[in-house]
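Here's the structure, in structure tokens; my notes come after.
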Amino acid sequence: MSAVQSLIAAHRRGENVGLYSVCCSNEHVLRAAMQVALEYDTVLLIEATSNQVDQFGGYTGMNPVQFRDYVRALAQDEAFPVERLILGGDHLGPNAWQKRPADEAMANARVLIEAYVAAGFHKIHLDCSMSCADDPTPLPDETVAARSADLARIAERTAAAHGLPPPVYVIGTEVPVPGGEASLAGGLQVTRPEAAAHTLEIHRHAFDVPELAGAWERVIAMVVQPGVDFDHSDVHHYEPQAAAALSDFLERQPRIVFEAHSTDYQTEASLHALVRDHFAILKVGPAATFAFREALFALTQIERELLPADECSRLPEVLERCMVEEPRHWRNHYQGDDHQLRLLRAYALSDRCRYYWGEPELAAAVERLIANLQPHASSAILRLLLRQYMPEQHRAVEAGRLAAEPGALIRHRIAACLGEYARACARNRFDPRTGASVQNETSAAAALSDR
4 MSAVQSLIAA
14 HRRGENVGLY
24 SVCCSNEHVL
34 RAAMQVALEY
44 DTVLLIEATS
54 NQVDQFGGYT
64 GMNPVQFRDY
74 VRALAQDEAF
84 PVERLILGGD
94 HLGPNAWQKR
104 PADEAMANAR
114 VLIEAYVAAG
124 FHKIHLDCSM
134 SCADDPTPLP
144 DETVAARSAD
154 LARIAERTAA
164 AHGLPPPVYV
174 IGTEVPVPGG
184 EASLAGGLQV
194 TRPEAAAHTL
204 EIHRHAFDVP
214 ELAGAWERVI
224 AMVVQPGVDF
234 DHSDVHHYEP
244 QAAAALSDFL
254 ERQPRIVFEA
264 HSTDYQTEAS
274 LHALVRDHFA
284 ILKVGPAATF
294 AFREALFALT
304 QIERELLPAD
314 ECSRLPEVLE
324 RCMVEEPRHW
334 RNHYQGDDHQ
344 LRLLRAYALS
354 DRCRYYWGEP
364 ELAAAVERLI
374 ANLQPHASSA
384 ILRLLLRQYM
394 PEQHRAVEAG
404 RLAAEPGALI
414 RHRIAACLGE
424 YARACARNRF
434 DPRTGASVQN
444 ETSAAAALSD
454 R
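Dropping the structure here:
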């Protein structure tokens with residue numbers, strides 16, 4: 004039984020534990036995630052999405068093997084135990100090729116699945132929910148399930164051929180849009196228990212062939228909509244009562260949990276409630292890169308106070324120029340006049356600027372910002388400016404828990420976001436009201452019985 008299966012089994016036994024998934028390729032985010040996982044003694048699940056990493060390189064320029072090696076190199080650099088590192092693939096299917104005929108898109112999806120599994124990605128989200136060029140819209144659930152089963156066959160054969168542990172799978176036809184909605188104006192519809200039951204049944208039927216019998220036993224989760232999402236400026240927060248019937252439905256199902264996508268920007272109390280209500284796998288991505296951008300912009304303000312204008316990195320201006328010159332990652336998502344578009348490019352919760360940090364000019368601006376501030380790391384004036392622009396980090400520096408070094412300040416800001424997920428999922432819980440470490444109910448009962 005893999006670490007993922009063990010955690011899911013513990014949750015189904017009644018332990019109030021979960022699994023958080025960091026869906027990101029940003030180096031600072033991944034380093035911060037490793038520090039958080041060490042602090043809270045959790046495993047670390049890092050997932051790549053199908054448009055981010057694929058056999059052709061995706062928007063990161065990395066195929067699955069390259070992404071695996073990149074993450075492992077960071078883990079070695081951070082002294083993070085590789086045995087606690089889990090790789091996953093998110094939205095694996097014809098997502099990146101929706102504008103092509105289904106046969107062509109699915110042919111690419113089969114190569115995609117093979118590449119991910121061969122590279123050692125263990126948690127596989129089978130997502131064939133999107134219509135291709137010659138498909139009806141919406142795509143019938145039976146077609147979604149049949150295509151998912153087809154990809155599972157590839158995954159099973161690939162793992163066996165490479166002597167790798169067999170993958171675990173996530174299924175689901177009610178899959179939220181990756182990266183948040185364009186607008187929440189129409190409201191959110193929580194998945195109905197009948198819809199969840201139908202999804203489960205049609206996938207069970209599609210997997211009901213001898214070569215997939217073992218694979219079905221490793222379906223650990225189903226993607227549903229618990230009523231959480233975000234758009235460019237608003238967040239729809241979790242309402243436990245609205246999802247109560249869905250949670251009750253899962254109580255009657257063996258083995259599986261729900262996977263909640265787009266949990267970015269939820270309160271920590273909501274994250275704890277989601278895990279409690281069996282949405283035991285929490286996905287986070289844009290919120291982490293949003294925190295990265297917040298840290299960089301705050302440091303830019305400090306840089307402007309410390310240095311002459313002609314020596315500054317001018318990072319916000321460089322970001323804006325990169326996004327205007329190459330608008331393909333945001334122009335179909337943001338609407339408004341020039342002023343509104345400028346604000347959305349920098350500050351939208353959907354954080355479309357996350358696609359640009361690898362651009363050479365922007366990467367150079369980040370490096371210059373860090374290099375400009377590094378000589379001031381031990382100065383009193385920097386600490387004074389931290390009080391103004393990064394108060395949370397200032398408190399940590401004053402308490403001796405954090406060095407006033409720019410890279411550490413950036414990662415601390417990201418870790419503040421990811422720490423909420425770790426606390427919601429960890430076996431040793433942290434009460435968000437008091438900050439104190441508490442045992443979950445099952446662990447506390449076990450401790451009492453040992454006395």
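The sequence shown: position 315 = 318 (this note's numbering), numbered continuously.
Positions of the beta carbon are idealized from the N, C-alpha and C atoms, including for glycine.
Remember, predicted model here, so these are calculated numbers, not experimental data.
- With a cutoff of 8 Å on beta-carbon distance, A427 and E271 are scored as near each other.
- Shown here, M225 sits in a strand according to DSSP, grouped into three states.
- With a beta-carbon spacing of about 41 Å, E220 and R416 fall beyond the 8 Å limit used to define contacts.
- Non-local beta-carbon contacts of H275 in its own chain, meaning distances under 6 Å to residues more than five positions away in sequence, involve A427 in chain order.
- Between A283 and L22, the gap from beta carbon to beta carbon is short of 8 Å.
- By the C-beta criterion, the stretch 106 to 120 is judged to be in contact with the stretch 52 to 60, since at least 3 inter-stretch pairs fall below 8 Å.
- DSSP assignment within the stretch 391 to 415 yields the following whole alpha helix (DSSP H) runs of 4 residues or more, N-terminal first: 394 to 401.
- For Y119, the enclosing alpha helix (DSSP H) begins and ends at A105 to A121.
- Ranked by how close their Cα comes to the Cα of I127, the residues P143, D144, S134 and A162 have A162 in first place.
- Fully enclosed alpha helix (DSSP H) runs of no fewer than 4 residues occupy 318 to 328, 341 to 350, 363 to 376 and 383 to 392 of the stretch 311 to 393, in order along the chain.
- Residue pairing from DSSP places K286 in a beta bridge opposite S24.
- F261 is bridged by DSSP to M225.
- The C-beta distance from M393 to L412 rounds to 6 Å, short enough to fall under 8 Å.
- For C315 and P330, the gap between their C-alpha atoms comes out near 25 Å.
- Judged by DSSP secondary structure, D93 falls outside any alpha helix (DSSP H) and instead within the beta strand (DSSP E) spanning L88 to L95.
- Around E117, the same chain offers I157 and T161 as residues with beta carbons nearer than 7 Å, after the five sequence neighbours per side are excluded.
- According to the DSSP assignment, V173 belongs to the beta strand (DSSP E) that extends over V171 to I174.
- F295 counts as buried, since no fewer than 16 other beta carbons sit within 10 angstroms of its beta carbon.
- Around R390, the same chain offers H397 as residues with beta carbons nearer than 6 Å, after the five sequence neighbours per side are excluded.
- Annotated three-state conformation of A136 is coil, per DSSP.
- A straight line joining the alpha-carbon of H165 with that of A122 spans about 9 Å.
- By the Cβ test, the stretch 19 to 39 is not in contact with the stretch 236 to 255, since fewer than three Cβ pairs between them sit closer than 8 Å.
- Contact between C325 and E364 holds: CB atoms are separated by about 6 Å, below the 8 Å threshold.
- Counting of Cβ neighbours within 10 angstroms places F252 among the buried residues, the total reaching 16 or more.
- According to DSSP, residue pairing for D232 in a beta bridge involves H239.
- The residue among P409, L302 and R75 with its C-alpha nearest the C-alpha of L47 is R75.
- Under the DSSP assignment, H281 falls outside any alpha helix (DSSP H); it carries neither an H nor an E label.
- With contacts defined as CB atoms closer than 8 Å, H125 and V7 qualify as a contacting pair.
- Here P229 is buried. Its C-beta has 16 or more other C-beta atoms within 10 Å.
- Contact between the stretch 81 to 90 and the stretch 138 to 152 is absent: fewer than 3 CB-CB pairs across the two stretches fall below 8 Å.
- Around the beta-carbon of S381, fewer than 16 other beta-carbon atoms lie within 10 Å, marking it exposed.
- The continuous beta strand (DSSP E) containing T52 extends over residues L47 to T52.
- By DSSP's assignment, M37 forms no beta bridge with any residue.
- A residue is called buried when at least 16 other Cβ atoms come within 10 angstroms of its Cβ; K286 meets this threshold and is buried.
- Between F300 and Y268, the gap from beta carbon to beta carbon reaches 8 Å or more.
- For H128, the uninterrupted beta strand (DSSP E) run begins and ends at K126 to L129, by DSSP.
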